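Asks: Numbering (my numbering), first residue to last: 336 to 473. The C-beta atom is built at its ideal place from N, Cα and C for all residues, glycine as well. Only a predicted model underlies this, so the values are computations on that prediction, with no experimental measurement involved.
This is how it looks when you write it as structure tokens:
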């Protein structure tokens, strides 16, 4: 098991991380779905600025790196190789862990389904890109 972890390419993890972050930056920007996200979550620019955006962004970076590294470890442990396997396993991880969890919380919290679709859509695109990079480049 430990030897499979040595097969992880640090450069592929960095590239997958950058892809993950880039998707998030675009997705929640005004050019992407930022306005819909703010409306659906009841946020305003003032509320965002009050919540200390520097801490939120730094925390998001750490969490995005953890997600990327975790996917790389899973891929190494189950020996994912190639674009098809990378995307397939990434979609499975997304569906089982991200989408299912988001949907569960949405049902209890009464969040608008459009907001959940935004969250799940962003993570789906990020997972597919990370899966592609990590599956192809090991």
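Contact check, residue 352 vs residue 399 under 8 Å by CB: the rounded distance?
Replies: The sequence position of residue 352 within the chain shown is 17, counting from 1. The sequence position of residue 399 within the chain shown is 64, counting from 1. Indeed they touch by this definition, with Cβ atoms about 6 Å apart.
Asks: When the Cα atoms are used, what is the spatial distance from residue 416 to residue 471?
Replies: The residue labelled residue 416 in the question sits at position 81 within the chain shown. The residue labelled residue 471 in the question sits at position 136 within the chain shown. Residue 416 and residue 471: Cα-Cα distance of roughly 6 Å.
Asks: Determine the closest residue to residue 375 out of 402, 455, 449 and 467, with distance taken between C-alpha atoms.
Replies: To locate residue 375, count along the chain shown from 1; it is residue 40. Answer by Cα proximity: 449.
Asks: Does the contact criterion of 3 or more C-beta pairs under 8 Å hold for the stretch 416 to 426 versus the stretch 359 to 373?
Replies: Too few Cβ pairs lie closer than 8 Å, so no.
Asks: Taking the continuous alpha helix (DSSP H) assigned at residue 375, which residues delimit it?
Replies: Position 40 of the chain shown, counting from 1, holds the residue named residue 375. Counting along the chain, the alpha helix (DSSP H) containing residue 375 begins and ends at 369 to 376.
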